[in-house]
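Following: one structure in C-alpha cells, then a few remarks.
Residue numbers (the numbering used here), protein chains in the order written: chain A, 471 to 840; chain B, 471 to 840.
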C-alpha cells in the first residue's frame, strides 16, 4: 500500500484518491479548508500550507508528492519537495504559476500565443494597452480561475478600472483573440520521458467557466500540432504527470491560452470515456508505473454542474449518464460536480445531451451537431 | 449526502463504497475483522455482528441498509432491519442463506436444479447418497464459499468422512452435474419491480474458486432462459438490489447451482465493461434511483488475483488492464484483488489475455478462443 501526498484536497484530489484505491494507493492531502472534497476518500490534514508540522505529517511514509492546484505558496511546494520527491518538479510549477513568467516561458519556446504585454508599472500598463489596442483581457499574474481575477476591457475607462482593481500583485494584458474554438490537449509524461496524449478536447465556456468538454469529433485535424506544443512544454519543464494545455484555434493555427500543471477539468470525461483516466495515469506516471492507454472508449462528454445539482432521478434515468458529486456545498458559480455522458457514437451522444438540455441543464450552443 | 449502512466490510463493500462516492453516497460498514478492505473508503465500525451499540451506530442517519455477504447471523440482519429499511429484505436472505432452504425454495418455484438430497440425520444421509449415486458433492447447509465447506465424494469411504467432517450444522447432497459450462446471470431489481439484466456471464473455476468471468460471447443463446430464472427468483423474494444466479448449462438446459443475494464476483467486469456497474446499480436500486444501463462497453473479462499479487509494472504495461487491489494481506487461496481486461472486441481481448498468460497469470483453458 503506497501513500501519495497531495497539496490540495479539492475535487481533483478527490478523483485522484478514488483512482488510487483500486491501484492499492492511498492519498493523503493537505488543505486549509474544512471539509474539503477529499474528505472520506483520502486522509485529510486540515492546516495552513506553511505549517511545518503539517508538511511533516503529509510527507510521512509517502513515496511521492504531487499537487492538484497551481495557486500554492512556493514555500509550501519547496517545503514538501524537501521531505519527499515531488512530481511534477517544483521548478515546473515555478515557471507556470505566475502568468507573466508563463508567457515568457512560452515565448522562449517559440510557441504561438496571443499578443501580450507584461507591464511592471502604470506607465507600462498604459503603453501595453495602447500597443495591443482594445479590446484586451487584463489578468492578475497570480491566482484567479474560472474568470475570477480577470477583466475584459473594451474602453479606456474600463482599462483604468482594471488597473485599480487588479494591479496590486501585477497583471498581464492579452489581446482578445477572435478564435474559432477553444481546445485543450491533455498529456501524461513519465519519469523516463515516455509521453502519451488523449485525443484533442473541445471545450465550451459559459460566463467564463468551463461548461462542457468532449473529445473533439474532428480533433485529428489538429492533433499532431497540439501534441507538438504539449510535448515541447512538457519536455522543457522535465515534467512528470498529467499536464493540460488550453488552446485557441484560429483557422489552422493553435495559440497557447494557458498551461495547467495538473489534472484538468477538461479531461474529466477520461474517467469513463478513455481506457485509462487522467487521474489513474497521473498516479501511474508519478509512481513510475507504465502509462495506461489513452484510447477512447466510444463517444463521451462532460458537463459541469455549477452552483446547484439537478434532480438525480431525472438525470440518472438517461442511459449512459454518470454522476459525479464533489461533496461541496452549493454556491453560485461554484463547480460542485459534473456529469459524464457516454454513448456508442456521436449521434447517440447528441441525443443524450438533448435529453439533458430538455431537463434544463445548460448545454452550450455548438457543443452538439447542428 | 446519503449514508448507506452495510453488513460486512470486505471487497464487495469496498467496491460499493467506491461506486457510492461519485453519487454523493457515503457507506458505513460493520465488520468484526480488523482492517477490513472497506477501510479508507467507508466509515468502518469494527465490532461483533450482534453488538447492539454497533448496530445503533451503523444505522444512525442511514437512509437504507444492505449487505455484502449472505453468511450473517439472521439476528444481526433483523436487528439492523428494525433500525433502518433493509434492501434486499431480510426475508429474502432467510430463504437463501441455508442451502437446504434455498434448494426447497428453488424446487417450489419449479426451477431446474441438480438432483439433491436434504438429509436431517445419518440414516437419511446414507439413503441420500444411495439414491443419488456417486459421485456427489456434500456441502454444509450454512457458510462455506470458494469450495470451503464442501467435499467431492466419489467413494463410500469419502462419503463417511464427509459426514464426519461436515454434518455438525447439517449438509445437503448434490448429484455431480456433467455440465458443458458454468454461467451466471446478474440482475438488478428496483423497489417498483423494474428489473434489468447484464449479458449472461461465462465463469471459469480453478480448484473450486472463480478464476475468470466474462460476458459470454454466445450468451444470447441462453439469455432469455437465464433472465426468466432470475426474474422468477427475484420476484418471488420481492427482491431489491443486485442478485446473482449461478447456473450449470447442460446442452440447452440451465440448472440453478446457487443464488447469491448480493453483488457478485462474477460481475466485477461490469465496473469497466458495462455502462453501469453492479455496484452502482445496487446502490441505485436500494436508494430508489433509476436503474442504470446494463449494456456492454466493448469486450471485457476479469481475472481473480488469488494468494499473491503479480508485478504491477508487467501487468499494467498491457493496454486495457485495470488493477483492483482489495488491500488484503496475501494468503494462499485468498482473493486479494482482480484484473479487468477491456478490449474493442473478442479478438483483442484474447490477445490481451494471452499477454497475461505469458506473465504466468492463470487463464483457465477454454476461456479464450481456440
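Beta carbons: idealized from backbone N, C-alpha and C, even for Gly.
**Q.** Interface flag, residue 787 of chain B vs chain A, CB-CB below 8 Å
**A.** yes
Q: Give me the Cα-Cα distance between residue 709 of chain A and residue 762 of chain B, rounded to the nearest whole angstrom.
A: 39 Å
(Q) Considering only DSSP beta bridges, list what residue 516 of chain A is partnered with. (A) A:501
Q.
Quick check on this structure: which residue in A:794, A:754, A:595 and A:804 has the alpha carbon closest to the alpha carbon of residue 664 of chain A?
A. A:754
Q: For residue 593 of chain A, write down the residues that DSSP places opposite it in a beta bridge.
A: According to the DSSP secondary-structure assignment, residue 593 of chain A is paired through a beta bridge with no residue.
Q) Looking at residue 503 of chain A and residue 525 of chain A, is the spacing between their C-beta atoms short of 8 Å? A) In this structure, residue 525 of chain A sits away from residue 503 of chain A, with a CB-CB distance that is not shorter than 8 Å.
Q. Under a three-way DSSP split, which group does residue 718 of chain A fall into?
A. In the structure shown, residue 718 of chain A sits in a strand (DSSP, three-state: E or B).
Q: If I'm right that residue 641 of chain B touches residue 589 of chain B with Cβ under 8 Å, what's the distance once you round it to whole angstroms?
A: 7 Å
Q) Can you list the alpha helix (DSSP H) stretches of 4 or more residues lying completely in the stretch 556–639 of chain A, in chain order? A) Fully enclosed alpha helix (DSSP H) runs of 4 or longer: 560–567, 569–578, 592–602 and 626–636.
Q. Cβ of residue 500 of chain B within 8 Å of Cβ of residue 482 of chain B?
A. no
**Q.** Under the three-state DSSP convention, the category residue 795 of chain B falls into
**A.** strand
Q.
Based on DSSP bridge pairs, tell me the residues matched to residue 728 of chain A.
A. In DSSP, residue 728 of chain A forms a bridge with A:716.
(Q) Using CA atoms only, rank isn't needed, just tell me which of B:598, B:721, B:672 and B:480 is closest to residue 630 of chain B. (A) B:598
Q: State the Cα-Cα distance for the pair residue 681 of chain B and residue 555 of chain A, rounded to the nearest angstrom.
A: 38 Å
Q.
Please report the straight-line C-alpha distance between residue 757 of chain A and residue 607 of chain B, rounded to a whole angstrom.
A. 47 Å
Q | Same chain, Cβ closer than 7 Å to residue 602 of chain B, neighbours up to 5 away in sequence not counted | A | So the qualifying residues of the chain are 585, 587, 643 and 645.
(Q) Can you confirm whether residue 553 of chain B, when its beta carbon is compared against all beta carbons of chain A, has any partner nearer than 8 Å? (A) no
Q.
Strictly under 8 Å for the Cβ-Cβ distance: is residue 662 of chain B near chain A by that measure?
A. By this cut-off, residue 662 of chain B is not an interface position.
Q: Pick out whichever of A:592, A:485, A:505 and A:474 has its Cα sitting closest to the Cα of residue 551 of chain A.
A: A:474
Q. Are the C-beta atoms of residue 684 of chain A and some chain B residue less than 8 Å apart?
A. Taking Cβ atoms only, chain B never reaches closer than 8 Å to residue 684 of chain A, which makes this a no.
(Q) According to DSSP, is residue 841 of chain A part of a helix, a strand, or is it coil? (A) With chain A covering 471 to 840 only, the question about residue 841 of chain A has no answer from this structure.
**Q.** Which listed residue (A:648, A:565 and A:699) has its alpha carbon closest to that of residue 582 of chain A
**A.** A:699
Q) From the beta carbon of residue 740 of chain B, is the nearest beta carbon of chain A less than 8 Å away? A) no
Q.
Quick check: is the beta carbon of residue 491 of chain B nearer than 8 Å to any beta carbon in chain A?
A. yes
(Q) Could you give the first and the last residue of the continuous alpha helix (DSSP H) run that contains residue 753 of chain A? (A) 748–756
Q) When you compare each of B:730, B:776 and B:828 to residue 565 of chain B by their alpha carbons, which one comes out closest? A) For residue 565 of chain B, the nearest C-alpha among the options comes from B:730.
Q: Between the Cα of residue 772 of chain A and those of A:831, A:498 and A:726, spot the shortest distance and give me the residue it belongs to.
A: Cα-wise, what sits closest to residue 772 of chain A is A:831.
Q.
Which of the three DSSP states is assigned to residue 684 of chain A in this structure?
A. Judged by DSSP in its simplified three-state form, residue 684 of chain A adopts strand.
Q) DSSP state of residue 738 of chain A, grouped into three classes? A) If DSSP states are grouped into helix, strand and coil, residue 738 of chain A belongs with coil.
Q: Within the same chain, show all residues whose beta-carbon is closer than 6 Å to that of residue 513 of chain B, passing over the 5 residues directly before and after it, in chain order.
A: Counting only Cβ-Cβ distances below 6 Å, and skipping sequence neighbours, we find 498.
Q | Beta-carbon proximity list for residue 576 of chain A, same chain, < 6 Å, skipping 5 on both sides | A | 583 and 726
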